[in-house]
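Taken in order, these protein sequences are the chains called A and B.
Residue numbers for the first sequence follow the numbering used here, beginning at 504 and rising by one.
Residue numbers for the second sequence follow the numbering used here, beginning at 9 and rising by one.
All C-beta atoms, glycine included, are put in the ideal place defined by N, C-alpha and C.
Keep in mind the model is a prediction, meaning the values are calculated, not measured.
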Amino acid sequence: MFRPEGGARPAPDAAWRPLADIYRTDRGWLIKFELAGVPAEDILLSARGRLLTVAGIRRDCTEDQVLSHHLMEISYNRFERTIELPCDVESSHLEMQLRNGILIVRVSEEGGAE
Amino acid sequence: MTAHEHSISLPVLPMKNTALFPHLLMPLSVGRPKSVAAVEAALATEGKELVLIAQRDASVEAPAQHDLYAYGTKAVIRKMSRPGESHLELLVQGVERLMLLKFESTEPYLIGLFNPTPMAIDLTPELEALERSVLELAGRAIELAQAAVPVEISQLMAGSKDPVRLVYMLASMFSLDLEKEQTLLEAQTVADAYRLLHTYLSHEVQVLELRNKINESARSEMGKEQREYMLRQQMRAIQQELGEKSPEQSEIDLIRERLEKADLPDDVRKEAERELRRLEKLPSAAPDFHVIRTYLEYVIELPWRVSTEDQLEIARARGILDEDHYDLKEVKSRILEHLAVLKMNPKAKAPILCFVGPPGTGKTSLGQSIARSVGRKFERFSLGGMHDEAELRGHRRTYIGAMPGRLVQAVRRAGANNPVIMLDEVDKLGRDYRGDPASALLEVLDPEQNNSFRDNYLDLPFDLSKVMFITTANSLDTVPRPLLDRMEVLRLPGYIEEEKLQIAWRYLIPRQLKEAGLTAEQCVIPEDTLKTVIRNYTREAGLRRLERAIGRLSRKVALKFAEGSTEAVTVRPADLVEMLGPEPFTPEQMRKKSPAGVAAGLAWTETGGDVLYVEATLLPEGKGLTLTGQLGEVMQESVKAAQSYIWAHAADLSVNPELFTKSGVHLHVPAGAIPKDGPSAGITMTVALASLYTGRPARMDTAMTGEVTLTGLVLPIGGVKEKVLAARRAGINRVVLPKANEKDLYDVPEEAKNDMQFVFVEHIGEVLEATIPAFAGHVGSLAAA
């Protein structure tokens, strides 16, 4: 009845999800996204209500002439990740920094953390 | 659709047996060189995109455009590995639906030009309704399939806001075949997709429900048996605890008790006790349990040593026999003789009698009456059509549903080991590959062997020697010789008119009147009426039709009384046509006058005798002898012998010898439709031909019977009594008989003998003198010739 192992599985969206870490900080929230190989201009950060979404595209590129592929574990093409935070992200102050392939987003709540 | 600015060009990966929906992840295994090339081309791009399109026919190895469906799905390769040199494992994720416009290239791999064709989303209340009902169906299907659904799926299902994603997700959960998947992929609007999915899922649910029902019923069957077994075990335990006996044990105890009380011969008791011990060891569910129990019951019930006491008072027995049957002196005296022997020697073996006679002559009722007169039980069964030896001798106990044979059953029913057993229709025994019951009867009917008759079922010797066997048959021709040898044959020849009259008055009329609820005064059937019924309505040796005719008459009379009449009714011969219909038989009557060439013969039939006229006539030309009237071979030969005799003695009879050479003869014996045979018409043929050739008529008041030889000797014949009575019935009072048959007149009733004249002859010359008046006195000399 159900597809055996290896059948089509629904993905959250038609894009891959970068891994994320979330920290509580004294000023609000710090979120890290693992986005190695993605230049800053290919990343789009957006906020709507309590939702913070990072989307974009990772393009594959190699300096050398490729003869054939033998393994591919890194996901390419469109990515998207939405994180819900317990505060209104839309009205918060957002700060974005791309360092060593990690995207760091700082969400500063108004009035800081209680 | 044509290419426009949104058209894209991508490598194509044809898929076998499956389609990929957008939003879904699917592992793929790629082996075809062209497909590997397409994948490698996609991997070389920044986006890792290609298009997956299902093949219409999985067996095509190098598909062209028409081998692929028009709609495919753009996918991104998420992961890839190469376990072998020319073989790739992929994990792809569907992105969006595309429509193939054309192939831009086919070498080294397929490149297609596509237009994106996303499904139209019409957010209407109908869509929501569809969505809900599909979700419900899917839930039902999951429940029915009793499969553990990964939590993420149910969560995704519940949390999904996107109807397009939902419909694809649901579709992927059930193993739809490619055609259905592809149809769903090609749906124009989301609502269409939901409708399709709804159809598929309802079908799935139906199939699943059916499957579960089948499983359920199989399970419950099993459960019932197990439950019963458990309960039985518990019951047994409880009974043991309470010190009670199980039903089987009490059943066995009952049989033991009966066995102890039963009067059994030692060897039978030993065998029965052995079986009982076997029975105790068996569980009641074993099939043998019931077989042995039935067997033991049978053994116990059989009258091994029970006999009824014979009533040996001769006078009483004679009274009973006379009361039940008229005449039959020979049979009755045989029975009384046997009683006398039993009185003198109680250990005498019972005789084995065989009653032979036409139907309706009282064979069966005589058997009953014998049993009554001797004071024994009476049992009868018919052997007619029996063709299986096992019916008589029983089946071995190893067969399912085995039973003892008919003989042992009859003895058990009688409840005594010395009943009168009547075996009816012994002449109609059959035989086939299952054995010959006649051979089994040989043992049964042999007094030397039947004291230890072994029934296959009992497998114990049973003494049948005290049983009085009576068999009946309509004719002895078909009874096997060895069987006939063992029996004492008593003939019940059929009744003559006088006897029938007596029987009708004594037994039939009272019985039928009683049946119709009439008294003897209310309905009178006088002698002349009865005679007409006997002669013209019933031509038979027995009495069945006569009894039926009398029954009919009494019912007609009863109807008159029931309708209000009070006057006693006397049935006149003239009333018979109205009451019984037209006469079915007209017996031959004496012909008053007759031309030359006719003589009256006498014939014996099963229903008594009959007058037979032989008619002969000369033909103007030709030579031979024409014979008609269904004459048998023997009768035809006796006509030829008669003709030869007359030809040889033409001079003595003053016959013109030219007649024999110049003109043919036609001889006919009416009634034409009834077959006739036998030599006894020999002298009649001779007289008819002599009369024909001499032109001198024979006497019409004389009938004759006798076989004739070529030298003119008259030989004796059978059935004298019936023939004489037939002549008398026809109004012929003078009968010519062979000298050797004179003694047979003993059988003819006195009243018939008194008003008839008999001429006994030894030679044909005497016959001619006695029958053709013109010869009287001067052909007697032929005898000396």
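Backbone CA spacing between residue i and residue j [nearest angstrom]
i: residue 83 (chain B); j: residue 130 (chain B); result: 25 Å
i: residue 664 (chain B); j: residue 703 (chain B); result: 11 Å
i: residue 609 (chain B); j: residue 734 (chain B); result: 10 Å
i: residue 434 (chain B); j: residue 237 (chain B); result: 53 Å
i: residue 548 (chain B); j: residue 304 (chain B); result: 49 Å
i: residue 555 (chain B); j: residue 518 (chain B); result: 11 Å
i: residue 545 (chain A); j: residue 70 (chain B); result: 39 Å
i: residue 394 (chain B); j: residue 436 (chain B); result: 8 Å
i: residue 763 (chain B); j: residue 741 (chain B); result: 7 Å
i: residue 159 (chain B); j: residue 188 (chain B); result: Below a pLDDT of 50, predicted positions are generally treated as unreliable, and residue 159 (chain B), at 47, falls in that range; no measurement from the model is reported.
i: residue 506 (chain A); j: residue 99 (chain B); result: For residue 506 (chain A), the pLDDT reaches just 40, beneath the cut-off of 50, and the residue's location in the model is therefore unreliable, although a value from the coordinates is still provided. Rounded to whole angstroms, residue 506 (chain A) to residue 99 (chain B) spans 16 Å at the Cα level.
i: residue 287 (chain B); j: residue 295 (chain B); result: 11 Å
i: residue 496 (chain B); j: residue 359 (chain B); result: 8 Å
i: residue 552 (chain A); j: residue 143 (chain B); result: 29 Å
i: residue 610 (chain A); j: residue 585 (chain A); result: 14 Å
i: residue 730 (chain B); j: residue 759 (chain B); result: 14 Å
i: residue 605 (chain A); j: residue 525 (chain A); result: 13 Å
i: residue 666 (chain B); j: residue 536 (chain B); result: 52 Å
i: residue 370 (chain B); j: residue 385 (chain B); result: 19 Å
i: residue 486 (chain B); j: residue 432 (chain B); result: 14 Å
i: residue 376 (chain B); j: residue 297 (chain B); result: 40 Å
i: residue 139 (chain B); j: residue 171 (chain B); result: 8 Å
Beta strand (DSSP E) segment containing residue i, residue limits
i: residue 606 (chain B); result: 606–613
i: residue 537 (chain B); result: Here residue 537 (chain B) belongs to no beta strand (DSSP E); instead the alpha helix (DSSP H) covers 535–540.
i: residue 84 (chain B); result: 79–92
i: residue 794 (chain B); result: Outside the displayed range of chain B (9 to 793) lies residue 794 (chain B), so it cannot be described from this structure.
i: residue 110 (chain B); result: 95–113
i: residue 596 (chain A); result: 596–602
i: residue 585 (chain A); result: 580–587
i: residue 481 (chain B); result: 476–481
i: residue 467 (chain B); result: Note, residue 467 (chain B): premise wrong, no beta strand (DSSP E); not H, not E.
i: residue 35 (chain B); result: 32–38
i: residue 123 (chain B); result: 119–124
i: residue 66 (chain B); result: Taken as a continuous stretch (DSSP letters only), residue 66 (chain B) belongs to no beta strand (DSSP E), as it is neither H nor E.
Any non-hydrogen atom of the ligand MN within 6 Å of residue i CB
i: residue 570 (chain A); result: Looking for the ligand MN in the displayed structure turns up nothing, as the structure carries no ligands at all.
Residue i vs residue j beta-carbon contact at 7 Å
i: residue 585 (chain B); j: residue 577 (chain B); result: no
i: residue 547 (chain A); j: residue 521 (chain A); result: no
i: residue 361 (chain B); j: residue 478 (chain B); result: yes
i: residue 425 (chain B); j: residue 311 (chain B); result: yes
i: residue 350 (chain B); j: residue 318 (chain B); result: yes
i: residue 642 (chain B); j: residue 678 (chain B); result: no
i: residue 494 (chain B); j: residue 521 (chain B); result: no
i: residue 2 (chain B); j: residue 368 (chain B); result: Limits of chain B in this structure are 9 at one end and 793 at the other, which puts residue 2 (chain B) out of reach.
i: residue 117 (chain B); j: residue 66 (chain B); result: no
Residue range of the unbroken alpha helix (DSSP H) whose run includes residue i
i: residue 458 (chain B); result: It is not in any alpha helix (DSSP H) - residue 458 (chain B) carries neither H nor E in the DSSP assignment.
i: residue 569 (chain B); result: 552–570
i: residue 290 (chain B); result: Unbroken run through residue 290 (chain B): none, as it is neither H nor E.
i: residue 259 (chain B); result: 255–269
i: residue 416 (chain B); result: 414–422
i: residue 47 (chain B); result: 41–51
i: residue 210 (chain B); result: 198–250
Whole-Å CB distance - residue i paired with residue j, under 8 Å assumed
i: residue 30 (chain B); j: residue 102 (chain B); result: 4 Å
i: residue 329 (chain B); j: residue 343 (chain B); result: 7 Å
i: residue 568 (chain B); j: residue 708 (chain B); result: Actually they are not in contact, since the Cβ atoms of residue 568 (chain B) and residue 708 (chain B) sit about 44 Å apart, beyond 8 Å.
i: residue 59 (chain B); j: residue 26 (chain B); result: Wrong, their Cβ atoms sit about 15 Å apart, outside the cutoff.
i: residue 87 (chain B); j: residue 599 (chain A); result: About 28 Å; that fails the 8 Å criterion.
i: residue 607 (chain B); j: residue 696 (chain B); result: 4 Å
i: residue 778 (chain B); j: residue 744 (chain B); result: 5 Å
i: residue 445 (chain B); j: residue 399 (chain B); result: 7 Å
Residue-chain proximity (residue i, chain C), Cβ-Cβ < 7 Å
i: residue 54 (chain B); result: In the structure shown, chain C does not exist; the protein chains are A and B.
(request) Let me know the beta strand (DSSP E) ranges lying completely inside the region 725–787 of chain B, each 3 residues or longer, listed in chain order. (result) Qualifying beta strand (DSSP E) stretches, in chain order: 742–746 and 765–769.
(request) Mind listing, in chain order, the continuous alpha helix (DSSP H) runs of no fewer than 4 residues lying wholly within the region 511–577 of chain A? (result) none
(request) Output the residue ranges of the alpha helix (DSSP H) runs that lie fully inside the region 616–680 of chain B and measure 4 residues or longer, sorted by chain position. (result) 641–656 and 666–670
(request) Please specify which runs of the beta strand (DSSP E), each continuous and at least 3 residues long, are wholly inside the region 691–722 of chain B, giving them in chain order. (result) 710–712
(request) Would you mind listing the alpha helix (DSSP H) stretches within the region 365–391 of chain B that are 4+ residues and don't spill past its ends, in chain order? (result) Runs of the alpha helix (DSSP H) inside the region 365–391 of chain B: 371–382.
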